[in-house]
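Working notes, structure below.
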Amino acid sequence: MPDTTTRRRTLFAAAAVAVLVTLSAVAAPLASARPAHEIPVAPASGDLSGPTTDGWEDVPAATVPLASAPSSVPNADQTSIERVHVQAARGDGRLYLRLQWHDATRDVATNETRAFADSVAVQFPVNTSSRPPIAMGGPTNRVNVWYWSGATGTEELLAGGAGSTTELQSPSVNASAVHRGSGENATWTVVYTRDVDAPGANRTTIADDGDLDVAFAVWNGSNSERAGRKSVSEWHYFPFGPGPEGPPYETVLWTIAGIAIVGVVAVTAFGVHRSRGGMN
Ligand code: HEM
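Put into structure tokens, the structure is as follows:
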């Protein structure tokens, strides 16, 4: 029969293993505990309007999956860009968005036959109180689009469904872009900058008291992508409200689960200890 010291060591080891298992079960979900469609917004440490400006490395990135837009144009399902990395920062009255995606070729010329330019766009509801159809809004719920094209630069657009796109005069958004690297690692980096309080009809109000819906589109020019043939995201959102950081619901559940596991292990260990003690 094991002596008391051996039994205590065994119990201690069992308790330590239980705590480690519990911690790893609790820590992993907490570390990734961000609702799937939320894109974090960091405080801007200064002017971040350059694609490679110092400061972007401190801004968290969300990886946004893309899929072919379900449009009726020829070869709409033949798109090539599968994800875009999105960073957002806000400070000194400005909102900065940095978008990065892999594209082996830098396509910015459209003067040759059948040549198309690499492009990217961000869309927001004009009326932020409801979520418009993802396909560029609808007649009663339009979207404000920030469009950057390697061929034509930056435009601010208004759309109420595919085929209804018009250009806003006096755009409120600037974009700055760079294509770096080579081969599969070559990457476009585009930074959009807008004054948070930019006035104007049909321009999205960037509030500080709630979530703001946002969606993304990317075109690969060398794959003949343009207009309705492109990769698009689902609706995501920026959590601009003053609400609590992170998801309290998940956090509470995992904390309760962790405490319950530790409790069960402790009670079991205590019971074993007592019953063995009783047999002594
Ligand atoms: C998901 C479903 C979508 C469908 C079916 C769709 C379809 C189309 C079609 C048919 C066009 C050509 C007609 C036009 O200029 O209006 C177009 C152009 C355009 N779309 Fe979409 N779209 C979708 C999503 C998006 C999203 C999410 C964005 C922005 C984030 C976007 C931004 C644009 C822009 C900027 C153009 C004009 C591009 C150019 O002139 O080449 N679209 N889209």
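Each residue of the sequence shown is one higher than the last, beginning at 1 in UniProt numbering.
C-beta: ideal position from N, C-alpha, C; glycine also.
As the structure is a prediction and not an experimental result, all values here were calculated from the model.
The DSSP assignment places complete beta strand (DSSP E) segments of no fewer than 3 residues inside the region 37–103 at 41–43, 61–65, 83–91 and 94–102, in order along the chain. Between F238 and D209, the C-beta gap is not smaller than 9 Å, which leaves the two residues out of contact.
At a cut-off of 8 Å, the beta-carbon of F238 does not count as near ligand 1: no heavy atom of the ligand is closer than that. Contact check between the region 170–185 and the region 44–62: three or more CB pairs, one atom from each, fall below 8 Å, which counts as touching. When Cβ pairs closer than 8 Å are counted between the two stretches, the region 88–101 is seen to touch the region 35–44, the count reaching three or more. A straight line joining the alpha-carbon of T205 with that of P40 spans about 18 Å. By the C-beta density criterion, R274 is exposed, having fewer than 16 other C-beta atoms within 10 angstroms. The Cβ atoms of G150 and V108 sit closer than 9 Å to each other. In the displayed model, R274 falls within a helix according to three-state DSSP. With a beta-carbon spacing of about 14 Å, A186 and H85 fall beyond the 8 Å limit used to define contacts. In the three-state scheme derived from DSSP, where H, G and I count as helix and E and B as strand, S176 is classed as strand. Annotation: S233 to T255 spans about 33 Å, alpha carbon to alpha carbon.
C-alpha of Q169 to C-alpha of P74: approximately 31 Å in a straight line. A direct Cα-Cα distance of roughly 11 Å separates G200 from V126. Cβ atoms of W235 and H37 come within 8 Å of each other, at about 7 Å. In this chain, A115 is not harboured by any beta strand (DSSP E), its DSSP state being neither H nor E. For A62, the Cβ stays outside the 8 Å cut-off from all heavy atoms of ligand 1.
Assigned with DSSP and collapsed to three states, S222 falls in helix. Look at G163: its beta carbon is less than 8 Å from one of the heavy atoms in ligand 1.
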